[in-house]
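Student: Provided herewith is a single structure, encoded as structure tokens, for subsequent inquiry.
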Amino acid sequence: MRLTIPVAFAIFIPLEVIIYFNIPKTNIINLYDLTVIISINKMMPRKV
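Now the structure itself:
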């Protein structure tokens with residue numbers, strides 16, 4: 001099952017908001033980098 005870009009953003013943006021308000025700001029950078037990496041991986045087409 002492949003996530004399309006709008007679905008990926010629909011998932012990640014609320015997650016970022018929840019993370020932003022619940023976790024101390026020092027940890028946001030690491031989680032944000034992780035979500036950015038994941039979203040980039042989802043966006044890039046994979047050709048075998």
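Sequential numbering of the sequence shown, starting at 1, is according to full-length UniProt numbering.
Virtual Cβ for every residue (Gly too), placed ideally from N, Cα, C.
1) Can you tell me the Cα-Cα spacing of Phe21 and Pro14, whole angstroms?
2) Report yes if the C-beta distance between Thr35 and Phe9 is below 7 Å; otherwise report no.
3) Report the three-state DSSP secondary structure of Thr4 (helix, strand or coil).
4) Whole angstroms are fine: how far does the CA of Tyr32 sit from the CA of Glu16?
Tutor: Let me spell this out:
1) If you take the alpha carbons of Phe21 and Pro14, they lie about 11 Å apart.
2) Going by C-beta atoms, Thr35 is not nearer than 7 Å to Phe9.
3) Coil at Thr4, not helix or strand.
4) C-alpha of Glu16 to C-alpha of Tyr32: approximately 7 Å in a straight line.
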